[in-house]
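See below for the structure under consideration.
So, in structure tokens, the structure goes:
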């Protein structure tokens, strides 16, 4: 029988030399694991000697604890009577009693975000809502769609209209997919598997985040026939870890492609997230933390402040990826098609197009405005490619994400040449608002709005959409017109090939 | 003598198998009529077993009940003492007591809208006010006029100035007409006939909505000599219904032309309207409704939410109209000139110009921002036509609507080539603010403002107005400059003709 | 000894057949004068039978009563005890007790307007503040200056800097003059003579309004040596009245030129003014008013509502002026140079330049945004002239007004070619804020700011200012680029000359 | 032993004929010094007969009193019991008790400004915060950076990234320096020496203001090895004073260059500063002040109002500097490199480039929006130079200041060709928020943000940054396009050389 500890006993082990934590009522000695924690030792030391369950649970896949610790690290259980009583947040109580409104009463993405904002914890809200610096890019992502006008054609039979499309050769029910957004269980216990369940109903594709709060196997478990998933990789400094993970992914037949995220080699500065996470920081930081810090590498010290959820997730991520080294390495580790995510210039889109056939597609993305503030929206990059190197569209599938809030936004992106449109926050807000039903409502609204839009444009299928359906005149005046790196790139690659 | 029912007895008949409703104190069995209701069965089933008068009355022409039901459907009367007591909305009471202010104290369209907003029911407000999605187009419709500057010429005798004009060969007192706005009796019992009475005083033209809350005959009943009406058709899936209606219209001599609306083959998403209509939705939906839903066709299920007045009106409308099929059909059913409403691109204006002589005019319109959000304002389309195919102005009369709030707006549209300018909401707000006098006040203000504007431009008659009187420089930078469908259209039609 | 009336006796004479009013304690029979009143009979009939002093006094030059009425019209005096007691406006009392702050504590035009807004009556505020329709032009007048950037040159000796300039050959202390703003005594008893006193201190020019609340003789009475005035004429329908007035003006040696206002042949729609004037309108309008109305000419009935101070002032103004008839007539009635005010297009500026030598200058003005809303600011017209017919600057002096709130605004207008800059509201707000001292403060601030601006631009005298000192790039993109009437004008005038 | 005075005795000496003040408990007779005071006699006379310590201390370098007054001017001490009791500002007390938050909780410049705003006196806030007129330029300085988009390049190894740079041949830790901002001790007793201490930690350069509240010697006292300072000169009308000061500066080895400020030959109109300084002005101004005023020169009377801290600092500054006279004079007085500050046009940048080798660099600056309102931001001038005379970048170092609030702003300026970026207010707010630690936090945040930005752009060192990393399309449409003075300048200088 496992030994039973008093909380005060556990509390003594709060140093790098002896670090215990309580998780799900059990006591673990994580001293040896400190240096291996992908999120860095600092975050564990903050919780050293305490019950870390509430912090740990929503951001770690179930079962991963057992995977990573040796059996003997489990020292015993804690006597629950000796733990301090947790106070419920009183302000939320009245709302919680009410429960969320019926999903069908939510008419648009704003409604859903509003309900989710009330439902989820402050920490979850801060992590989902946050974006870099002044959120200029986050807001521009949405506003830019408002500045594109539609050109409805009339007297066209619009009885039939469907959103069916094909991505990487797979048949899908809509050109809208769920972006690899991390930490779904922060918002709702259904987590990423709940998103998968909703996607199944619509034939929608889902990309699983490298930082999902469930394992890929858990997420795809109840996949429908023909349901399509991708898996997003953040390449680790410790390349072995990534290779192990890729080997595991290669075995999951529902996962059809690998997404390599490039737009966030280092974390952006998400101030809401950092502030949202300060709750725990009000407790005095044990001196252990400070000692440990000095041992961490420079990247993790880029900012001195506590750092939000976003920053913790970056620990261990390799900032040294390159076209020359990383792509060939990745190609040797998987036969799945590779999608490059986070391209923001026509030059990089062009380079990607030179890396077929390994690279099958690119995602124009600024990471939801979470990486570099005042980076351009995907729509800008679409227009840059159209202007400088339209041949890219012939060689690769071009997907976009960021700022989508209306079906008209989806349609506009498609008119500009995107094959698919990703939603990140809307899916998470949907989950936060109503679990699986909330994500379904999100997808339903966007699908309905997209079809209404296509009908009113006089269009039956997504591949009929083109630049003749939109007026981008205002936007054209904002598209990059400076020195293009294209010519020198063309020469370099011509010389190479 | 008719049988007298208790309300509780009626209440039992609330299923698709036996559906009774109370209207004007009488009890009707509408079970057989359910499938024929142009607004779909769902809306009736919501009121099944209840007194539906308040919902029914303002949106149905008087007498239409008798026209559509067999005599035996009238089962008897309801014992009024057994009906639940209706509570007056308390908030409105003080305002109601006061009554609306004298119409002459209202100085502009905003004043009138403000008074009407207080006067009319929430449902009416929501139906009139609402527009698609984020109302980007609705607001742009008005703002776009503010971005056009006027160029007043001075030292010109402006003693005389009049608004007289000719539309389709008819002499009219002003180039402002009332657009085919539905459901006038929602706002005021005077309804569309009240609008007609106001128009008579000004020699203004009126287009009768397909969804008017009075019959065309009722509306034109007190027409003055030379008063001009048009009639708007939404072609029904059941083409016979439309043909019967056209036959009836052909007999009304005051109706001089047919307006075929093209900009709304499927309903836009008017969220205010949907929310405004949710009042009744708070009552538990009888299971009958759900059963019935599954039988409805796809179009009516485009959005899962309750749907506002606007969506109900669309039921039965045919989304499959085409240049090739519908125009010839319509031409065989009426000899009246045909006006096509809802054109939003120069390409469609051009095609229309190839369909003379049946087509005598077009109305550039985005349906008051109620169809597709981020569609362009009529002013954009005017400028597109000027830029790509100005010959259209020689072949057709071009009318516009949407966003008119000032006499200067009217004048600017005329300067850009419009022959007439339609007002929808302003007429309805006028009606809501003060009945017939409110509509007169609306027309008076716009007429006065238009004349003041013309005088200050140094212009005596509307046909003197031209592009030299306005500065559209800012706007020109926003007009579509992408691929024009015009060349291929010219080739197609050249080949044909 | 004059007869003494009870107020109740006077009150009976409130019809067009017998119309008495009380003014300064005396009772007048104005029945015969009704039809001659330049402001129309309606406004008098509203006050028929009552004490009209408060309404009459601030808008009529002292002594004009005696000039216009026969001696026998003065029937006697009123017994003051029989008059109703006037209630002080309670809200204003605390402010009034305090009195206005010291003028030197007011740092800019906004400060001055704010103090004046508190000081003056609601009616005065409404008259001064109001502009047409939505006040788009009024606000644009000011904002347009913000969109012009300055280009300061450095390392230039800026010890000396003065604002001296020459207008029409007269030496003046600054290029800022007071525009012909009407009804100064509404704001402060010092009236237009107070403005003249302030101008004297600065060597600033003043244009006397046709609708001044003091006679020209009263205004120029204490003029300093070399002080320069202009006189503004609104040509009356009854041309004899204008001729008599011109004859009188010709005799006043301080008046050096005549300003003919062209931008307001009919009144704009100033809603604030109309609402501000409704105070009296809450009293029941005697039926007499209605009867009288039907006899008024069409122009004065353009709007049905009560009409503000602005509209009353327009009564009798001739809307039929033309280049061909009016200019020659005016030239025969005065030898003074003629300045044309209210030009808003390059075409009209060009025509004016063909009418030298009678016409010596033009004022680009939109009447402070009070005539036609969405008319262009004077800065636009300056730029239009520079673009289409810069030769105008060589033939005429070009002055501008409208929207000036900062010394930088003054300097920018001069850089664009204006010889002088007029201020209307700022002078009236100054008067309202602190009488003569308030106007001085206004002129002092603008002079100081203008000099600071010139010094920081590296400029010593106003005639050194040019387009190289400003960046109008943003604005250039808004300047009219449509069909210019210039070529046809050039042909017409070439043919003529 | 020094004589002890009662405050009432001192109070009698409040005229220009006998002017005493109390400073640090001592009584001084400053009658003879009145005419020599660089800030003018007026400001002293306001405090004549009173304890001036609170006003005097934070804006004068310690020890300067003894330097400027003869020993016999110290008459004795004041009996402290006879001085009026000073009341603490009650509102600030609660905040003061709390003390400022930990610096690491401040995440950006706005946070720091907010805390500083609470911490510092109203007078200090007003002096730091204020800018000219309507603060259009101050706000534009920051907004202009938001309108430049970044162009992140991906798949680039961004492990290494540093901010090291070289300015005027000196190695520095970052391209961010502290601008010559005056009166640091107003905000915090650590003053300019505190800023120096913070700069030392980061290898950041500091320019010492001519109006520093500490002597240059005091400021550089604890400089680290290799720490670099510049010294800013405002040339005095009394050139001897400036020569003496330069001689003194030449001896301070840490000072490596002289900055000659050109953008403020006369003070701008900083209304917040003027209002902020009115606190003392509420006391009755002794008649002495008025008498003294009439003797002052015109420049100091440019505005009649009290004038803020900013205006006082200008007293004695020579507005007559010229390329021809001043530069050669300065070159004879120092061998240090000369940097010209305040250039705002490409023409002046070009002229500066013709004055090598004395002139080694220029600072594009509008004085933080404190000189001429609606002057262009430094970014405009950078782009003007790029457009008209890019050769300037080869001949001189171009630095910029104004509006920097984010690391992305720093990076954007560098991309446009700036070698270094100055911060003025951010350093002062940092000092006000937390003394030395506050300035360190300011520099830390900007350094961290700059590095994150560079990494996400795919750039390792500052000299890799170029126009290919930014999209300035929107901005290009605002850059001056009028007549360039360049051609005539080229001719003039060609002729000369």
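Residue numbers (the UniProt record's numbering), protein chains in the order written: chain A, 1 to 497; chain B, 1 to 497; chain C, 1 to 497; chain D, 1 to 497. We treat Cβ as the ideally placed atom computed from N, Cα and C, and that holds for glycine. None of these values were measured; they are calculated from a predicted model.
Contact annotation: in the segment 440-468 of chain C, residues whose CB is within less than 7 angstroms of a CB in chain D are 444, 448, 449, 451, 452, 453, 455, 456, 467, 468.
It is roughly 47 angstroms from the alpha-carbon of residue 160 of chain A to the alpha-carbon of residue 373 of chain C. Contacts between residue 157 of chain C and chain D, judged by CB atoms closer than 8 angstroms, involve 319, 320, 321, 322 in chain order.
Within the segment 359-379 of chain A, the residues whose Cβ lies closer than 7 angstroms to some Cβ of chain D are 371, 372, 373, 374, 375, 376, listed in chain order. Nearest neighbour of residue 48 of chain C by Cα position, chosen from C:23, C:63, C:66, turns out to be C:23. The three-state secondary structure of residue 275 of chain C, taken from DSSP, is helix. Boundaries of the beta strand (DSSP E) around residue 177 of chain C: 176-178.
Residues of chain A with a Cβ closer than 8 angstroms to the Cβ of residue 385 of chain D do not exist, since the nearest Cβ in that chain sits about 16 angstroms away. Positions of the alpha helix (DSSP H) runs, each at least 4 residues long and wholly inside the segment 327-364 of chain A, are given as 346-353 in order along the chain. For residue 141 of chain A, no CB of chain B lies under 8 angstroms from its own CB, so it is not counted at the interface with that chain. Chain A places a beta carbon closer than 8 angstroms to that of residue 345 of chain B, counting this residue as a contact.
Apart from the 5 residues on each side of it in sequence, residue 211 of chain A sits with its Cβ closer than 6 angstroms to the Cβ of 182, 313 in its chain, given in chain order. Following the DSSP letters along the chain, one finds residue 122 of chain C inside the alpha helix (DSSP H) bounded by residues 122-129. Shown here, residue 108 of chain C sits in coil according to DSSP, grouped into three states, outside any helix or strand. Between residue 261 of chain D and residue 342 of chain D, the gap from beta carbon to beta carbon is short of 8 angstroms.
Taking 9 angstroms as the upper bound on Cβ-Cβ separation, chain B lies near no residue of the segment 164-186 of chain C. Check the Cα spacing between residue 187 of chain B and each of B:335, B:214, B:377, B:16: the tightest is with B:214.
DSSP places residue 166 of chain C in the uninterrupted beta strand (DSSP E) bounded by 165-167.
The bridge partners DSSP lists for residue 78 of chain D are D:5. Contact of residue 473 of chain D with chain A by beta-carbon distance below 9 angstroms involves 477, 478, 479, 480, 481, 482.
Residue 450 of chain C is a Cβ neighbour of residue 407 of chain C, given a cutoff of 8 angstroms.
In summary, the residues of the segment 390-407 of chain C whose CB is separated from some CB of chain D by less than 7 angstroms are 406, in the order they occur in the chain. Under the criterion of beta carbons closer than 8 angstroms, residue 443 of chain B and residue 196 of chain B do not qualify as touching, at roughly 12 angstroms. Measuring C-alpha to C-alpha distances from residue 132 of chain D to each of D:473, D:371, D:481 identifies D:371 as the nearest. The closest CA to that of residue 239 of chain A, considering only A:320, A:275, A:102, A:190, is found on A:320.
Taking C-beta separations shorter than 8 angstroms and ignoring five residues to either side along the sequence, the partners of residue 423 of chain C in its chain run 176, 177, 178, 179, 401, 404, 442, 446, following chain order.
Look at residue 37 of chain B here: in three-state DSSP terms it is coil, with no helix or strand label.
In the assembly as shown, residue 271 of chain C is a buried residue. Its beta-carbon has 16 or more other beta-carbons within 10 Å. Here residue 165 of chain A is buried: its Cβ has 16 or more other Cβ atoms, across all protein chains shown, within 10 Å.
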